[in-house]
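Here the protein sequences line up with chains A and B, keeping their order. The letter at position 92 of the first sequence is residue 92 when you use our numbering, and the numbering goes up by one with no holes. The letter at position 100 of the second sequence is residue 1100 when you use our numbering, and the numbering goes up by one with no holes. Think of the CB as a built atom: it goes at the ideal place given N, C-alpha and C, for glycine as much as any other residue. Here is the structure we will look at, set down as structure tokens.
Protein chains: 2
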Amino acid sequence: MRLSSRSEYAVRAMVELAASHGAGPISIREVASREGIPEKYLEQLFRKLRKAGLVHGARGSGGGYMLTREPHTISVADVVRAVDGPIAVCDCTSENRDGVQCHKRSLCAAHPVWDKLQKGIVSILDSTTLGDLAGTSAGSDPAD
Amino acid sequence: MRLSSRSEYAVRAMVELAASHGAGPISIREVASREGIPEKYLEQLFRKLRKAGLVHGARGSGGGYMLTREPHTISVADVVRAVDGPIAVCDCTSENRDGVQCHKRSLCAAHPVWDKLQKGIVSILDSTTLGDLAGTSAGSDPAD
DNA sequence: ATCAAATCAGACTAATTTGGTATGATTTCA
DNA sequence: TGAAATCATACCAAATTAGTCTGATTTGAT
């Protein structure tokens, strides 16, 4: 039930782009140094985000990345899926399963929780957008 | 966001025990064959479950494992924590973090989603019991 | 007493995933 | 032309995962 560093990094990086949306491309170097993410690793992530159509890459001097859509139309789930693939609590609840079911035949007794969990996770990630996060700035969270 | 096979197996095994609760100990061999789980692997898991106080192990011939509490008082979260440790979406939302925060200092912009996600996951796993899944008794809502 | 069935315990291992690095090519602006 | 940037792929070490192996100990039944 852990988030990969890919997803963590990617979401943070995307929130950076969201916060500066409309102000031209931002370079990997810039984002990496602001967020404390290894540059070359972030480069990989941005390539995946680009292939998923979430960002546009501007090459050459003065280049960088920009969101392709408005921040409030890109969900955290979009970003997570782009870098980590389909969200899947287990095979039988995966978003990309090919008719895979518990025990290959019938549903196991535990299936209802996994299903509920899967839906709960997707629902939260789907309903939170980069716009939400970019607007809710760091340090403003009263909890914890 | 994937469940480990440890958790999957452990929950399924515990539901087996729950379904036969009160009918004496059930052996690993029995559970393993019913659920299609490697025996020796399941043995490890049951040892963790015992150390967590969720089951009692009866040694010797005719032995096996039994739940130490009523099925509807053992949550799926209890089982998951027993075999996989504290539930943690990321370090800064982990159930056992030692004051660890995003960037070691302030909260990152993404923190609100991770926090929401963590709470959502724990809430679902906490509120579903082995009794619910086994279908035995004491009427909580059947998931899904 | 002996034997078989079972838990107990820990070390070991193969494969996969994770979290990166390294190298170099290509594009673009100045 | 040169620097700044993305693009692309290959490589790698460490950790994790999902087991297996070996053997000890306990207990019930013959």
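**Prompt:** For chain B, is any of its Cβ atoms less than 8 Å away from the one on A:Leu-73?
**Reply:** The sequence given here places Thr at residue 73 of chain A; Leu does not occur at that position. Taking Cβ atoms only, chain B never reaches closer than 8 Å to A:Thr-73, which makes this a no.
**Request:** Check the Cβ-Cβ distances between A:Leu-49 and every residue of chain B, and say whether any is below 8 Å.
**Result:** no
**Request:** Could you tell me which residues DSSP puts in a beta bridge with B:Ile-1026?
**Result:** B:Tyr-1065
**Prompt:** Looking at B:Val-1079 and A:Leu-3, is the spacing between their C-beta atoms short of 8 Å?
**Reply:** no
**Item:** Residues bridged to A:His-56 [DSSP beta-bridge criterion]
**Value:** A:Met-66
**Asked** Would a C-beta distance cut-off of 8 Å place B:Val-1113 and A:Thr-128 closer than the cut-off?
**Response** yes
**Message:** Taking 8 Å as the threshold (beta carbon to beta carbon), is B:Met-1150 in contact with chain A?
**Reply:** No answer is possible for residue 1150 of chain B: the residues shown for chain B start at 1001 and end at 1144.
**Message:** Check this for me: beta carbons of A:Gly-63 and A:Ser-27, under 8 Å apart or not?
**Reply:** yes
**Asked** In chain A, what lies closer than 8 Å to B:Ile-1121 by C-beta?
**Response** Met-1, Leu-117, Gly-120 and Ile-121
**Request:** Please check the pair B:Arg-1012 and B:Glu-1043, which I expect to be a contact at CB under 8 Å, by giving their CB distance rounded to whole angstroms.
**Result:** About 15 Å; that fails the 8 Å criterion.
**is_contact[B:Gly-1036, chain A] using C-beta, thresh 8 Å** = yes
**Message:** Given this structure, state the Cα-to-Cα distance separating B:Lys-1051 from B:Tyr-1065, to the nearest angstrom.
**Reply:** 12 Å
**Message:** Spatial neighbours of B:Gly-1120 within its chain, please: C-beta separation below 8 Å, excluding the five flanking residues on both sides.
**Reply:** none
**Request:** Tell me, please, whether the CB atom of B:Val-1217 is closer than 8 Å to any CB atom in chain A?
**Result:** It is not possible to answer for residue 1217 of chain B, since the shown part of chain B is limited to 1001 through 1144.
**Under the three-state DSSP convention, the category A:Thr-128 falls into** = coil
**Request:** Please check if any C-beta of chain A sits within less than 8 Å of the C-beta of B:Leu-1133.
**Result:** yes
**Item:** Bridge partners - B:Ser-1075, DSSP secondary structure assignment
**Value:** B:Thr-1129
**Prompt:** Cβ of A:Glu-70 less than 8 Å from any chain B Cβ?
**Reply:** no
**Prompt:** Where does A:Ile-87 fall in DSSP's three states?
**Reply:** coil
**Cα-Cα separation, A:Leu-133 to A:Val-15** = 7 Å
**Message:** Any beta carbon of chain A sitting closer than 8 Å to that of B:Ile-1087?
**Reply:** yes
**Request:** Starting from A:Ile-28, find everything on chain B with Cβ-Cβ shorter than 9 Å and list it in chain order.
**Result:** Within 9 Å Cβ-Cβ: nothing; A:Ile-28 doesn't reach chain B, min ~18 Å.
**Message:** With a threshold of 8 Å between beta-carbons, can A:Glu-8 be considered close to chain B, or not?
**Reply:** yes
**Message:** Our contact map puts B:Ser-1067 next to B:His-1021 with C-beta atoms below 8 Å; I'd like the distance itself, whole angstroms only.
**Reply:** The sequence given here places Leu at residue 1067 of chain B; Ser does not occur at that position. That pair is a contact at about 6 Å.
**Asked** Less than 7 Å between the CB of A:Val-100 and some heavy atom of the ligand FAD, yes or no?
**Response** The ligand FAD is absent from the structure shown, which contains no ligand whatsoever.
**Item:** is_contact[B:Val-1011, chain A] using C-beta, thresh 8 Å
**Value:** yes
**Request:** Compute the Euclidean distance between the alpha carbons of A:Glu-39 and B:Leu-1107, then round it to the nearest angstrom.
**Result:** 21 Å
**Item:** Straight-line Cα distance separating B:Arg-1105 from A:Ser-33
**Value:** 16 Å
**Item:** Neighbourhood of A:Val-31 by C-beta, 6 Å cutoff - its chain only, sequence neighbours within 5 removed
**Value:** Ala-13 and Glu-16
**Request:** May I ask you to report which of helix, strand or coil DSSP gives B:Glu-1008?
**Result:** helix
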